[in-house]
Amino acid sequence: MTIRISGTGSALPEMIRTNFDLEKTVDTSDAWIRERTGIGQRHIAREETVASLAAEACRQALSSAGAEAGDAELILVASCSAEMLLPCLACRVQSDIGAVNAAAFDINAACAGFLFALQTANAYIASGMYRNALVVGAEVLSRITDQSDRSTCVLFGDGAGAVFVQACDEPGMGMLGMVQGSDGGRGAVLQCRAGHYADADNEAFPFRDPYIHMEGGEVYKFAVRTVPECIGQALLQAGLEAEEIDLYILHQANIRIIEAIAKRLGVGMERFPHDLERVGNTSSAAIPLLLDELHKSGKIQRGAKLVLSGFGAGLTYGACVMRW
Ligand code: UT7
Numbered sequence: 232m233t234i235r236i237s238g239t240g241s242a243l244p245e246m247i248r249t250n251f252d253l254e255k256t257v258d259t260s261d262a263w264i265r266e267r268t269g270i271g272q273r274h275i276a277r278e279e280t281v282a283s284l285a286a287e288a289c290r291q292a293l294s295s296a297g298a299e300a301g302d303a304e305l306i307l308v309a310s311c312s313a314e315m316l317l318p319c320l321a322c323r324v325q326s327d328i329g330a331v332n333a334a335a336f337d338i339n340a341a342c343a344g345f346l347f348a349l350q351t352a353n354a355y356i357a358s359g360m361y362r363n364a365l366v367v368g369a370e371v372l373s374r375i376t377d378q379s380d381r382s383t384c385v386l387f388g389d390g391a392g393a394v395f396v397q398a399c400d401e402p403g404m405g406m407l408g409m410v411q412g413s414d415g416g417r418g419a420v421l422q423c424r425a426g427h428y429a430d431a432d433n434e435a436f437p438f439r440d441p442y443i444h445m446e447g448g449e450v451y452k453f454a455v456r457t458v459p460e461c462i463g464q465a466l467l468q469a470g471l472e473a474e475e476i477d478l479y480i481l482h483q484a485n486i487r488i489i490e491a492i493a494k495r496l497g498v499g500m501e502r503f504p505h506d507l508e509r510v511g512n513t514s515s516a517a518i519p520l521l522l523d524e525l526h527k528s529g530k531i532q533r534g535a536k537l538v539l540s541g542f543g544a545g546l547t548y549g550a551c552v553m554r555w
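In my numbering, the protein residues as written are 232 to 555.
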């Protein structure tokens with residue numbers, strides 16, 4: 232038993248912040264941001280919350296699958312920017328959409344969070360414990376980004392994406408390969424302190440503000456080395472070659488990272504769709520946001536072979552191969 236995605240949804244805040252807007256607030260330029268990252272604009276939440284974005288993405292995913300909120304048996308929300316510690320985001324989403332029959336909890340694996348949540352849903356459903364799940368990636372990173380720090384504020388954006396997955400026992404369909412891993416010893420490379428721990432001593436994490444601090448170059452090198460390796464392992468499990476995959480849906484951190492990964496895999500960039508020009512790096516929301524766009528525009532058809540791969544703070548990384 233494995234899972235197949237039967238519906239997708241997404242939500243973006245109304246307000247857009249362009250590179251030109253950022254030129255007015257920090258020492259940067261549209262040319263630098265585009266050249267170094269590929270990002271042109273990002274959505275920034277004002278009225279919207281992580282929970283409201285996640286709930287809207289879930290409603291769409293259910294409707295796209297032809298399912299009702301009451302059908303959902305499990306809700307997993309991946310996020311690293313929830314506004315509340317308690318209750319968890321997934322419980323708030325459960326209440327907002329009226330999914331009264333679901334068990335709900337959060338997963339935080341930063342930018343690999345959605346992928347980890349999808350693999351968790353797969354494990355639950357393969358065990359027979361549940362028959363379906365809503366899997367969500369939702370972030371309001373603008374709240375944990377120092378908007379005066381040009382090394383991070385040009386990268387991150389807000390949004391949410393969700394999928395509704397169901398048990399699948401059709402041979403050769405659904406999840407065909409799964410890899411995940413963590414390198415906690417390198418946690419200091421990308422960190423953000425919880426606001427209420429501003430006074431606590433912690434030698435490993437010296438920054439005392441509640442904002443993201445990143446050694447960008449280190450994360451870049453990690454992604455370019457680790458992602459092709461773990462995609463290779465997932466392909467091996469699936470018994471597929473890199474060129475047999477129709478679309479590679481990667482975490483949207485930097486177009487140069489995506490290009491480097493494509494090159495290492497020996498696959499043309501036309502198989503690596505991207506939306507970071509329009510939404511920036513939305514952490515755990517990046518993969519499901521892009522999945523929803525591709526699904527809604529008819530670019531993913533039944534039978535399509537996909538690779539999903541994410542990496543981020545932790546450090547965490549993972550990949551899966553699936554047949555739609
Ligand atoms: O979501 C998962 C986690 N995040 C990532 O995957 C991000 C991975 N890393 C990256 O995408 C890239 O490392 C960055 C986009 C963050 C940075 O690009 P880079 O090519 O590694 O640039 P850099 O950090 O080496 O900086 C080059 C120069 C520096 O100036 P000097 O020292 O050469 O004079 C920076 O101070 O660019 C400067 N710089 C900027 N200039 C204009 C840094 N940020 C900016 C900026 N505007 N926003």
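Using N, Cα and C, we set each Cβ at its ideal position, and we do this for glycine too.
Spatially closest choice to V410 from P459, R267 and I489, by CA coordinates: V410 has its Cα closest to that of P459, out of P459, R267 and I489.
Whose CA, out of R417, T513 and Q483, lies closest to the CA of L284? Residue T513 is the option with its Cα nearest to L284.
Quick check: what's the CA-CA separation for A516 versus G448? Between A516 and G448, the C-alpha separation is close to 22 Å.
Considering only residues of the same chain and omitting the five flanking positions on each side of A276, which have a CB-CB separation below 8 Å? Within its own chain, the residues whose Cβ lies closer than 8 Å to the Cβ of A276, once the five positions on either side in sequence are excluded, are P244, M246, L284, V371, S373, R374 and D389, listed in chain order.
CB-CB length for C551 against A493, believed under 8 Å: The beta carbons of C551 and A493 sit about 18 Å from each other, so the pair does not count as a contact at 8 Å.
Closest to Y428 by C-alpha separation, out of Y442, M553 and A419, would be which residue? In terms of CA proximity to Y428, Y442 leads the group Y442, M553 and A419.
Whose CA, out of K452, Y361, A354 and I476, lies closest to the CA of E501? With distances taken between Cα atoms, E501 lies closest to I476.
For A393 and V367, which I take to be in contact (beta-carbon distance under 8 Å), what is that distance rounded to the nearest angstrom? Contact annotation, A393 with V367: C-beta distance approximately 4 Å; criterion of less than 8 Å satisfied.
Identity of the residues DSSP links to D389 by a beta bridge: Per DSSP, the beta-bridge partners of D389 are V371.
If I'm right that C461 touches Y548 with Cβ under 8 Å, what's the distance once you round it to whole angstroms? The pair is a contact, with the Cβ atoms about 6 Å apart (cut-off 8 Å).
Secondary structure of G399, DSSP reduced to three states: Reading off the sequence shown, one finds Cys at residue 399, where the question assumed Gly. Shown here, C399 sits in a strand according to DSSP, grouped into three states.
Can you give the Cα-Cα distance for A352 and G405, rounded to whole angstroms? About 12 Å.
Contact between the segment 285-295 and the segment 327-344: three or more CB pairs below 8 Å? With three or more CB-CB distances shorter than 8 Å, the segment 285-295 counts as touching the segment 327-344.
Rounding to the nearest angstrom, what Cα-Cα distance links A303 and D377 in this structure? When rounded, the distance between both Cα atoms is 37 Å.
Just to confirm the assignment, what range does the alpha helix (DSSP H) spanning S310 have? First-last for S310: undefined, no H or E at that position.
Indicate, with yes or no, if the ligand UT7 has a heavy atom lying under 7 Å from the CB of Y442. Result no, Cβ not under 7 Å from the ligand UT7.
Please report how far the alpha carbon of I480 lies from the alpha carbon of I270, in whole angstroms. A direct Cα-to-Cα measurement between I480 and I270 gives close to 17 Å.
Report the rounded CA-to-CA distance for G238 versus M553, giving the unit in angstroms. Rounded to the nearest angstrom, the two C-alpha atoms are 15 Å apart.
If I follow the unbroken alpha helix (DSSP H) through G463, where does it start and stop? Where G463 is concerned, the enclosing alpha helix (DSSP H) stretches over G447 to A469.
Between R417, L407 and L478, which has its C-alpha nearest H505's C-alpha? Among R417, L407 and L478, the Cα nearest to that of H505 belongs to L478.
Beta-carbon proximity check, I264 vs V420, cutoff 8 Å: Cβ atoms of I264 and V420: not closer than 8 Å.
Can you check DSSP and say which residues form a bridge with V552? In the DSSP assignment, the residues bridged to V552 are G408 and V538.
Looking at the C-beta of G529, does it have a partner C-beta in chain B at a distance below 8 Å? No chain B appears in this structure, which consists of one protein chain only.
For S382, the residue or residues it bridges with in DSSP: Per DSSP, S382 has no beta-bridge partner at all.
Can we count H482 as close to the ligand UT7, meaning its CB is less than 7 Å from some heavy atom? H482 Cβ: within cutoff of the ligand UT7.
Can you list, in chain order, the residues of its chain whose CB lies under 8 Å from that of G403, leaving out five sequence neighbours each side? Take G403, set aside five residues on each side of it, and the residues of its chain with a beta-carbon closer than 8 Å to its own are R554, in chain order.
Looking at T233 and C423, is the spacing between their C-beta atoms short of 8 Å? For the pair C423 and T233, the CB atoms are not nearer than the 8 Å cut-off.
Tell me the residue span of the alpha helix (DSSP H) that contains H526. For H526, the enclosing alpha helix (DSSP H) has its first and last residue at A517 to K527.
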